[in-house]
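One structure below.
There are 4 protein chains.
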Amino acid sequence: MVGYAFMGRVHSQAWRSVGAFFDLPVKPSMAVLSGRSRANTEAAAESMGWASVETDWKELVKRDDVHLVDICTPGDSHAEIAIAALEAGKHVLCEKPLANTVEEAEAMAAAARAASARGVRSMVAFNYRRVPAVALARQLVAEGRLGTIRHVRAQYLQDWIVDPDFPLVWRLQKDKAGSGALGDIGAHIIDTAQFILGEHLTGVSAITETFIKERPLADASAGLSAQGGAEMGQVTVDDAAIFTGRFGGGAIASFEATRFATGRKNALRIEVNGSLGSISFDFESLNELWFHDHTLAAEEGGFRRVLVTEAGHPYAGAWWPPGHGLGYENTFTHEVKDFLEAISAGADPTPTFDDGLQVQKVLDAVERSAGDDSRWTTV
Amino acid sequence: MVGYAFMGRVHSQAWRSVGAFFDLPVKPSMAVLSGRSRANTEAAAESMGWASVETDWKELVKRDDVHLVDICTPGDSHAEIAIAALEAGKHVLCEKPLANTVEEAEAMAAAARAASARGVRSMVAFNYRRVPAVALARQLVAEGRLGTIRHVRAQYLQDWIVDPDFPLVWRLQKDKAGSGALGDIGAHIIDTAQFILGEHLTGVSAITETFIKERPLADASAGLSAQGGAEMGQVTVDDAAIFTGRFGGGAIASFEATRFATGRKNALRIEVNGSLGSISFDFESLNELWFHDHTLAAEEGGFRRVLVTEAGHPYAGAWWPPGHGLGYENTFTHEVKDFLEAISAGADPTPTFDDGLQVQKVLDAVERSAGDDSRWTTV
Amino acid sequence: MVGYAFMGRVHSQAWRSVGAFFDLPVKPSMAVLSGRSRANTEAAAESMGWASVETDWKELVKRDDVHLVDICTPGDSHAEIAIAALEAGKHVLCEKPLANTVEEAEAMAAAARAASARGVRSMVAFNYRRVPAVALARQLVAEGRLGTIRHVRAQYLQDWIVDPDFPLVWRLQKDKAGSGALGDIGAHIIDTAQFILGEHLTGVSAITETFIKERPLADASAGLSAQGGAEMGQVTVDDAAIFTGRFGGGAIASFEATRFATGRKNALRIEVNGSLGSISFDFESLNELWFHDHTLAAEEGGFRRVLVTEAGHPYAGAWWPPGHGLGYENTFTHEVKDFLEAISAGADPTPTFDDGLQVQKVLDAVERSAGDDSRWTTV
Amino acid sequence: MVGYAFMGRVHSQAWRSVGAFFDLPVKPSMAVLSGRSRANTEAAAESMGWASVETDWKELVKRDDVHLVDICTPGDSHAEIAIAALEAGKHVLCEKPLANTVEEAEAMAAAARAASARGVRSMVAFNYRRVPAVALARQLVAEGRLGTIRHVRAQYLQDWIVDPDFPLVWRLQKDKAGSGALGDIGAHIIDTAQFILGEHLTGVSAITETFIKERPLADASAGLSAQGGAEMGQVTVDDAAIFTGRFGGGAIASFEATRFATGRKNALRIEVNGSLGSISFDFESLNELWFHDHTLAAEEGGFRRVLVTEAGHPYAGAWWPPGHGLGYENTFTHEVKDFLEAISAGADPTPTFDDGLQVQKVLDAVERSAGDDSRWTTV
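Protein chains in written order, with full-length UniProt numbering: chain A, 1 to 379; chain B, 1 to 379; chain C, 1 to 379; chain D, 1 to 379.
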């Protein structure tokens, strides 16, 4: 695994846990953790359960005892690492967004296609597909329970940078992060909505906004300006993006990604209305899917709170009895389980790098529309 | 009062009730109900408590015992009746949307301004401003409790025409209704959002959609086509409209009005996020305002469900003890109470016809943007 | 109508409104309001729409233009007024609890039975039966949709006397109110639960508590004690009552009535679990009934929020389109509508005085159990 | 660890994960798993990460490489194993309820006290104390934020044995399980309520019920009766228990534990009302604590949904960013973390075996009251 920050920790927990809950065709062993600082990487490896460390990911990619590379670094390094790993014959799990630009994503998708021909698998880590409630929503749509889909409204709302004194971390810098709320969390709702519908967005009309244009440098504690205030830097990404869109099947949609929705912490919300029913989901209540069955008598209709913890629900049966909820980390366990099963079955897991590329193209269309007077922009 | 259908019934209940709960400067008496069919109008007047009837609204407008005209007809007749009534020196309460076109609305607003100079008052019936929870939201914003407003997401979701066999009623015909979901319910969320923020929308980017293009004629039971099926007519209005927008103060917004959101019956929903706090409202739970105070410690924050039934809440003190909820009809009682007080105080009540005209301009900008590739359109 | 305080106002609104929404066999006319103070009663009659006043209810009962007497006074006067009115051949609608003691209630029930034989009708005003959601719950149980009922948990939670400085109003005095939370709001949940189940409680085990034993006299502003503090009086009723019980059909139940549940304003809550399904209701969200259909597949089960505003729901069709909620007052309109229909049909309306007597016996059993070490006490 | 069923699996996940998220004074190593069947135990050890197995817990207790024994067996074996382990100088974590009888629990508590004097620690596994929201509730009460506590209503609702064909598993047999819903889930709400209040129940009045008296034998597939139906056995425990109680500080309480609440899967719910505020919790939404601050203006009051995922919340900071919820398993990780810290600090962790004994005494009082006409029974 490359990277040991937030994403590295949750991926590690997934690798460590998956074997205890799922009957796997292969048993993963956690061989190497790679990071730039030896001391920090060793400490992380020790606490997270990795057997050894490397300070250069290129060494990790070369090692014979590594069969799968899990990339948990910022987006600007994804392409280089993933392509190198695939060429070295390692299966690759790559954090989202797949890359920072469409060009990089295209190169990665091409590499993944080539690798697939040699039996080397790749997957992009849109973990929210593996929330049992989201997987159940997908299943209901696929079974036709919602009929013809008319509406999608998807939001990913956070509030962690509302304070103008919050520093200019890497996620607020275009060269490292590619974009702001759009690529970080907007990518998730784009993928989740397309996954649930089983359809792609065909076009969008967008506006983006940066509410706070300058922020204290992240290491500003060290460098005060002459006036005694913190040194400031330019925020080069969006704080929020909102856009309308159309799906291939005719549904119209609205999307919103923001880090300025005070009081909303990790509200990945999606509502889908079809001619025969509707579903509604909010990750802040991740064990619940709200389902309205419009085929019932009007006097009995209404959104019902399905606690997605039954043995018959996607993934849920592997864990605890009904009502004993899962948490954020379990979605990653489901992800690596599906990846391992696909590898073993000799099949490409989803979402593929092509799926990641397609999301990247939507992000790109959003930015182009926002820069062109919100004009309709095809994906 | 002109018109005795849905809106006429609820306005009548308001006139009949207002005196029992509010200490009014004048006591309304319900003089005349006007409708086209004498028999139906007389029956309606009898059950709703009107003292007499007219079958021509022009007669009603002439009567000396009429001091205020309440217009509850479809939008295509608003301009003619309102202007005539104002010129006859009658105060006018007019249902929304103010008119079916910007031109009509401008003529009405001009007439209202002229009448105001003569002490004759007018008001457009955006009743949702008078939901206590909405009035409380307005108050919190005005007091600065939400800080700088960043986000508005407003939806008005209904589902009553999802069935393709639902007939082609007047609300689905452009010549009578002006527009579809946009003017009927979109107008409400535009007004409500602008009211809560105390700001106007400056521009929009929109898409509209008509999912079901043809429907059985409303009187099709009588007229079957040659093939034995019902005769069909063209739906000439939108089924749904979604748009993004910007407010004068810098907030970005998304709006959605639809009659195809299965399971949502009258979900006028609005969430506003500011730098210091947020509010969230859904008319399906009309007695609740959800308020997040971002100035509290993070460990104590969260949306709280304020039951807007306290004596100190807007309008609520006139009714029942805390927790004994109000219903839809009470918002109209608040409306006529405010109108009567304004008349008595010699002041123009709000929303004025100018406010109604401004909403009409937003509706017009939405339609123009939707017809021009979603391009940004200033209001 | 006798009494013009809180209950008088809401009953007046019901009488004033019922004819506009329901097609009644008889049209009520609001003849006389009775109260002790002429000035206050006249003012109330004027604002509430009563044609004349009496300062002695005995005069009201005698009048030929009075056919129905509506008793909205404190419980200690119910028996005398109701019996006199019934003997005078007037139909009687009496506020709950029917009386302050079982003895009074028995006399009233006997009078009602005798009157019924002469075609004179009586009804006790348990208005919560007429919440559409409660009526729908009753209907679901009656149709067998919940199967065999196993559990009832009913609570009526308020918080208006938490402050120890809240004065000693009549509702806190045993001689006027009979009991405290128990008779005032406990009576409602007993009746509501028995109504929904269509069964009676057969026994109870209870505890009651008075948290604040002394309070300032209600008129203490005038009478300060020698020490300069307000004069205090003894609270002679319960602040809260909780009890377990068994229903005739085998269900076990818990009940709680309190005025000390901070943050709960008028939370009449009831949940019923049966072998085939469950319902849950909270008056603070009065337009919603939550229904779990246990016959569905486990993967699709869950409590659904039925918005009880459809044309096919009890009472709801007379009002507004779906989703346009009702309020507290409408339950009284339904009550008088049902009473007028019963009178016209020559039938006894429910709940009868016998039903009121039965509730009184449960209240009595609760108090006896609480006074006897919580021992099981049959009703 | 002794036992590898449901509880064994979740304890294993806790031991496996704790070191990756908490900075521990000692690093646990998972030495031995004990179970009766060698094959099954070995398979479980392999998947759950235990280094070796024993088929007799007495061997496990003797081993030098075992410093802590984690008991996950049914209640009838707790006393013997725990006492032996403590005497062998091993720290003991024991699943709840501590024992099946007060006598056993007393012996265990005595052994724990003796062991403590020798530096050997013991803890009973009431894991719900370690839900961050429950720990936050405790903290709010301890800080006085709720003022004087008046009311507790606690419920633990499940529905997994509603079907009369559900077989007679060990949890439905008194000799193995001690009691039914009462000891299994009632014990949890007793402990949780006492933990939050920091007070003990002083007395109770109870009823218990067994709705389904006979069930098919668990291994009935093999043994059909002469009539061709499944062989039936007697259910010897309660299906449900409800009781009222009083806390040392004056609060009155109602409790309910049932496995017959259709639609409720794992609804451990508790609401506490105090003079200054209230809290409400439901494990089905385990990341939320609802808090009403009654010291705010009435117009701003209301239950707020605190998402207990902030860095400053109990336990939560060790995991993910705000809004990325935890699940059931994390509560056990918190438990073993606290236990390891206590061992390292040379202190007794809570809840102690004495705490477990006290809960056992409440369970006993409940059963005695239920058997004695619900008479008030002191604990």
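Just so you know, even glycine gets a beta-carbon here, dropped at the ideal spot from N, CA and C.
Open item on the list: So for threonine 350(D), helix, strand or coil by DSSP?
Closed with: coil
Open item on the list: On the CB-based measure, 16 or more other CB atoms within 10 Å of its CB, does lysine 58(C) come out buried or exposed?
Closed with: exposed
Task: Status (buried if at least 16 other CB within 10 Å, exposed otherwise) for glutamate 103(C) - done: exposed
Open item on the list: Distance cutoff 9 Å, beta carbons only. Does glycine 302(A) sit that close to anything in chain C?
Closed with: yes
- [ ] Can you grab the Cα-Cα spacing for the pair valine 336(B) / alanine 125(B), in whole Å?
- [x] 9 Å
- [ ] Could you work out which residue in Pro28(C), Gly49(C), Val2(C), Val61(C) is closest to serine 37(C) when comparing CA atoms only?
- [x] Val2(C)
- [ ] Pick out whichever of Val379(A), Gly8(A), Thr73(A) has its Cα sitting closest to the Cα of phenylalanine 243(A).
- [x] Val379(A)
Open item on the list: Assuming arginine 259(B) and valine 235(B) are in contact, meaning their beta carbons sit under 8 Å apart, how far apart are those beta carbons, in whole angstroms?
Closed with: Rounded, the Cβ-Cβ distance is 11 Å, inconsistent with contact.
Open item on the list: Please list, in chain order, the chain B residues whose beta carbon lies closer than 7 Å to that of glutamate 214(A).
Closed with: Near glutamate 214(A) there are no residues of chain B at all, since even the closest Cβ is about 16 Å away, more than 7 Å.
Open item on the list: So, with DSSP's three-state summary, where would you put arginine 138(A)?
Closed with: helix
- [ ] Compare the C-alpha of valine 359(B) against each of Thr192(B), Glu54(B), Thr331(B), Lys265(B) and name the closest.
- [x] Thr192(B)
- [ ] Sort out for me which residues DSSP pairs proline 216(C) with in a bridge.
- [x] Met232(C)
TODO: Using beta-carbon positions only, say whether isoleucine 71(A) and alanine 88(A) come within less than 9 Å of one another.
DONE: no
Open item on the list: Just checking: is the beta-carbon of arginine 305(A) within a distance shorter than 9 Å of some beta-carbon in chain C?
Closed with: yes
Task: Spatial neighbours of glycine 325(D) in its chain, beta-carbon cut-off 7 Å, leaving aside the 5 residues before and after - done: Asn287, Thr309
- [ ] Please state whether DSSP places leucine 201(C) in a helix, a strand or coil.
- [x] strand
Open item on the list: Below 8 Å, how does it come out for the stretch 267-278 of chain D and the stretch 136-151 of chain D: are there three or more Cβ pairs, yes or no?
Closed with: yes
Open item on the list: Taking only three categories from DSSP, how would you classify residue 381(A)?
Closed with: One cannot answer for residue 381(A) here, as it falls past the ends of chain A, which runs 1 to 379.
Open item on the list: Please state whether the Cβ-Cβ distance between aspartate 238(D) and alanine 187(D) is less than 9 Å.
Closed with: no
Open item on the list: In the DSSP assignment, the beta strand (DSSP E) including glutamine 155(B) goes from what residue to what residue?
Closed with: 149-157
Open item on the list: If distances are taken between C-alpha atoms only, which option among Asp293(B), Ser179(B), Asp23(B), Thr295(B) comes closest to leucine 98(B)?
Closed with: Ser179(B)
Open item on the list: As a quick exercise: from Ile343(A), Phe303(A), Ala316(A), Arg264(A), pick the residue whose alpha carbon is nearest that of valine 69(A).
Closed with: Ile343(A)
- [ ] Under 8 Å between beta-carbons, which chain A residues line up against histidine 313(C)? List them in chain order, please.
- [x] Glu299
- [ ] Could you check how far apart the C-beta atoms of leucine 289(A) and alanine 133(A) are, in whole angstroms? I think they sit under 8 Å.
- [x] 4 Å
- [ ] Within the stretch 37-84 of chain B, note down every full alpha helix (DSSP H) run reaching 4 residues or more, in order along the chain.
- [x] 38-48, 57-62
TODO: Grab the span of the beta strand (DSSP E) containing asparagine 273(A) for me, first residue to last.
DONE: 267-274
- [ ] With a 10 Å radius around its C-beta and 16 neighbouring C-beta atoms as the bar for buried, classify alanine 5(A) as buried or exposed.
- [x] exposed
- [ ] Would you check if the distance between the CB atom of alanine 241(C) and the CB atom of alanine 206(C) is smaller than 9 Å?
- [x] yes
Task: Burial state of residue 409(D), where buried means 16 or more other Cβ atoms lie within 10 Å - done: Since the first residue of chain D shown is 1 and the last is 379, residue 409(D) is not available in this structure.
Task: Contact under 9 Å by Cβ, leucine 307(C) with proline 322(C) - done: yes
- [ ] Return helix, strand or coil for aspartate 293(B), following the three-state DSSP convention.
- [x] strand
TODO: Tell me residue 383(D)'s beta-bridge partners as DSSP assigns them.
DONE: Because chain D is modelled from 1 through 379, residue 383(D) falls outside the range shown and cannot be assessed.
Task: Through-space distance from glycine 245(D) to threonine 377(D), alpha-carbon basis - done: 9 Å
Open item on the list: Classify aspartate 165(A): buried if its beta carbon has 16 or more other beta carbons within 10 angstroms, exposed otherwise.
Closed with: exposed
Task: Three-state secondary structure assigned by DSSP to serine 29(C) - done: coil
Open item on the list: With a threshold of 8 Å on Cβ separation, who are the neighbours of valine 169(B) within its own chain once the five nearest residues in sequence on each side are excluded?
Closed with: Ala218
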